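The structure is reproduced here in C-alpha cells:
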C-alpha cells in the first residue's frame with residue numbers, strides 16, 4: 007500500500023532537511039541568455055532548473071499555465087518534465103481547479119491519473135461537492151485556496167461573513183471561514199490550504215483556526231513575503247500533518263530560484279540556480 | 007477592426023434565433039454505442055456533436071477538463087475541435103481559470119491566443135487583479151463564476167457578507183456581492199457572469215444587481231433547471247449587452263443534447279443529436 011501524501015512529504019522533508027517547494031513557472035520573457043523564447047527554450051530551462059534544484063527541494067510544483075500557454079505541445083513538455091521527478095519527491099500540480107460533479111471527476115483523472123500529480127491546488131468557490139473527487143483519494147492531496155499572495159487578494163477573501171449559529175462558526179473574514187469549513191472537508195488527511203506569505207498575520211490566524219491542515223505557502227522570494235512568520239506558524243500543530251518532519255509545511259519559491267539577480271558569480275545558469283536553491287533550502291529548514 | 011465579443015454573439019444569436027450554447031463535455035462513460043471509450047471515441051463523438059448541433063447554436067462551449075483528462079493528446083484533440091468552429095460562432099473555453107499576476111497573463115495566452123477562445127470562464131476568489139489579463143482585451147470576454155449550478159454551491163456563495171459603507175454596498179450574500187463587484191471590473195463590456203438555472207430566484211436578484219452584465223447560464227437540461235425564469239431574467243437590461251439580439255444571454259445545454267433519452271427515433275446518433283439541439287434551440291428563443 008502507498009503511504010499517504012503527508013507521510014511521503016514528511017519523509018522527503020526529513021531527507022532534505024527543508025520545507026522548500028521548488029516552483030517551476032517558466033516564463034519565456036524571463037529566460038536567461040542562451041535560451042530561445044519558445045517552447046524549446048522553456049522546456050530546456052525548466053528541465054535544467056529541476057535537475058539543478060531538486061537535491062534541495064522537498065517537493066516540486068509546476069504551475070500548469072506556463073505549459074498550457076504552448077497548447078498541447080506545452081502540455082506534452084510538462085508530461086516529460088513530470089517523468090523526470092523521482093517517485094519519492096511529491097509533485098504538486100498548481101492548477102487551481104474545481105468544477106461541478108462530473109467535470110471535477112475528469113479533472114481528477116487529468117491531474118492524478120494522467121499527469122501523475124501527488125497533490126493539486128483547487129478553488130473553494132463552488133464548495134466541497136465540487137472538489138470532492140480531488141480530495142477523495144487517500145494517497146493524494148488537495149490544497150484549497152484560502153488567503154492568496156496576490157495584490158487585491160482581499161477583495162473577496164477579506165469580506166466579513168456573518169455568524170453561522172447552526173454550524174457554530176463566528177462572524178469572520180471569508181478566508182477564515184474557508185479555513186474553518188475546509189477543516190471539515192474530505193475523508194481525512196487529504197486536504198490542506200494555500201496561504202500566502204504576504205499576509206503573515208492572516209497566516210497565524212488561519213493556523214489557529216485549522217491546526218491540522220497542511221499549508222502550501224507562496225509569496226516569499228519575488229513577492230516579498232517574510233520567512234520567519236511562515237516558519238513560526240506554517241507547520242501544523244495537530245493531526246497527521248503535525249506528526250512528520252516539517253509539519254506538512256511547503257514554502258514555494260519559483261522566481262527566487264529561477265531568476266538571476268543583479269550579481270551572479272557563475273557563468274553556468276544552472277550552477278546559479280543550484281546556488282540559489284541551496285540558499286533557499288537553508289533559509290527554509292525543517293523546524294518541527 | 008474586430009467587433010467586440012458581445013456584438014459577435016448578438017449577430018450569431020440573430021442569425022440562429024436562439025440563445026442556446028452548445029456545451030461539449032464528452033465523458034467516455036456516456037458515449038453512445040459504437041464509440042470506443044478512449045480519446046479516439048471521444049474525439050469522433052465530439053466532432054459529430056459539433057457538426058450536427060452547430061446550425062442550432064449561438065455559441066459553442068467545451069469544458070477543457072474532458073479533453074485534459076487525456077493529457078497532451080486530449081488537448082491536441084481540443085485544438086482540432088476548435089479549428090472546426092467557424093469564426094462567426096463564439097467559442098467559449100470553460101476553464102474556470104484565474105491566478106496571480108504573471109500566471110494569469112500566461113492563461114490568457116493559452117486560452118485566447120493559442121486555443122483561440124472568444125470567451126472564457128474564470129473564478130472570482132482571487133479578486134479582479136488576478137483575472138485582469140483575462141478581461142482586459144476589447145475583443146474577448148470573461149464570464150466570472152457568480153452563483154453556480156452545482157449541489158452545494160451555496161456553501162460559500164450564499165454566505166452573508168457585511169455591509170461595505172465605503173463602496174456603498176449593502177449586507178448581502180457573497181454571490182450578490184460578487185455580481186456587484188464584477189460590474190465594476192474591466193475596461194467595459196469584457197466581463198459577464200456565470201449564473202446557474204438551478205437557482206432561479208438568485209438569478210433574478212443578480213440580474214437586478216447587475217443589469218448590464220451578460221449571463222452564461224448552465225443547469226437546464228440534465229441538471230433540471232427551469233427555462234422560463236432564465237428567459238425572463240437572463241437577458242441584460244442595460245448597457246451594450248442589452249442592445250443586441252439575445253441580450254447577451256447564453257443558456258448552456260451539454261448532456262441534454264449529447265445524451266440519448268429512453269426512446270430515440272433514429273438509428274443515427276448524430277441525427278438524434280441534431281433533433282435534440284433543434285428542440286433546445288426552439289425552447290431557448292431570442293426574446294429581446
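Protein chains in written order, with the numbering used here: chain F, 7 to 294; chain B, 7 to 294. No residue lacks a Cβ here, since even glycine has one placed at the ideal position from N, Cα and C. If you're wondering where the values come from, they're calculated on a predicted model, not measured in any experiment.
Between residue 146 of chain B and chain F, the shortest Cβ-Cβ separation is not below 8 Å. Taking CB atoms only, residue 30 of chain B has no neighbour in chain F less than 8 Å away.
The shortest CA-to-CA distance from residue 260 of chain F to any of F/37, F/21, F/20, F/122 is the one to F/37. Residue contact check for residue 90 of chain F against chain B: no CB pair falls below 8 Å. A residue is called buried once 16 or more other Cβ atoms fall within 10 Å of its Cβ, and residue 172 of chain F, having fewer, is exposed. Between residue 200 of chain F and residue 154 of chain F, the gap from beta carbon to beta carbon is short of 8 Å. Assignment of residue 30 of chain B by DSSP, reduced to helix, strand and coil, places it in the strand class. Across the structure, residue 149 of chain F and residue 69 of chain F are spaced so that their CA atoms are roughly 14 Å apart. Those residues of the segment 231-247 of chain F placed with their C-beta closer than 9 Å to a C-beta in chain B do not exist. Proximity of chain B to residue 85 of chain F at the Cβ level (cut-off 9 Å) is accounted for by 77, 78, in chain order. Only buried fits residue 185 of chain F, as 16 or more other CB atoms lie within 10 angstroms of its CB.
CA-CA distance, residue 165 of chain B to residue 133 of chain B, rounds to 17 Å. According to the DSSP secondary-structure assignment, residue 11 of chain F is paired through a beta bridge with no residue. Partner residues in the beta bridge of residue 221 of chain F, as assigned by DSSP, are F/199. The DSSP-derived three-state label of residue 115 of chain B is helix. Taking the beta carbon of residue 106 of chain F as reference, the chain B residues within 7 Å of it are 154, 155, 156, listed in sequence order. No residue range can be given for residue 91 of chain B, since it is assigned to no beta strand (DSSP E) and is classified by DSSP as neither H nor E.
Selection B/258, B/215, B/177, B/245 evaluated against residue 232 of chain B yields B/258 as nearest (Cα-Cα). Taking 8 Å as the CB threshold, residue 123 of chain B stays off the interface with chain F. Per DSSP, reduced to three states, the secondary structure at residue 292 of chain F is coil, with no helix or strand assignment. Under the Cβ distance rule, residue 72 of chain B counts among the residues neighbouring chain F, one pair being separated by less than 8 Å. Contact residues of the segment 126-150 of chain F toward chain B are 129, 130, 131, 132, 133, 134, 135, 136 (C-beta to C-beta distance below 7 Å). Apart from the 5 residues on each side of it in sequence, residue 228 of chain F sits with its Cβ closer than 6 Å to the Cβ of 261, 262 in its chain, given in chain order. The C-alpha of residue 76 of chain B is placed about 18 Å away from the C-alpha of residue 117 of chain B. At least one beta carbon of chain F lies nearer than 8 Å to the beta carbon of residue 69 of chain B.
Rounded to whole angstroms, the gap between the alpha carbons of residue 178 of chain B and residue 178 of chain F is 15 Å. The C-beta of residue 109 of chain B comes closer than 8 Å to at least one C-beta of chain F.
When B/126, B/238, B/278, B/105 are compared, the shortest CA-CA separation from residue 290 of chain B is found for B/238. Counting C-beta atoms within 10 angstroms of its own C-beta, residue 112 of chain B has 16 or more neighbours from the protein chains shown and is therefore classed as buried.
Here residue 256 of chain F is bridged, per DSSP, to F/222.
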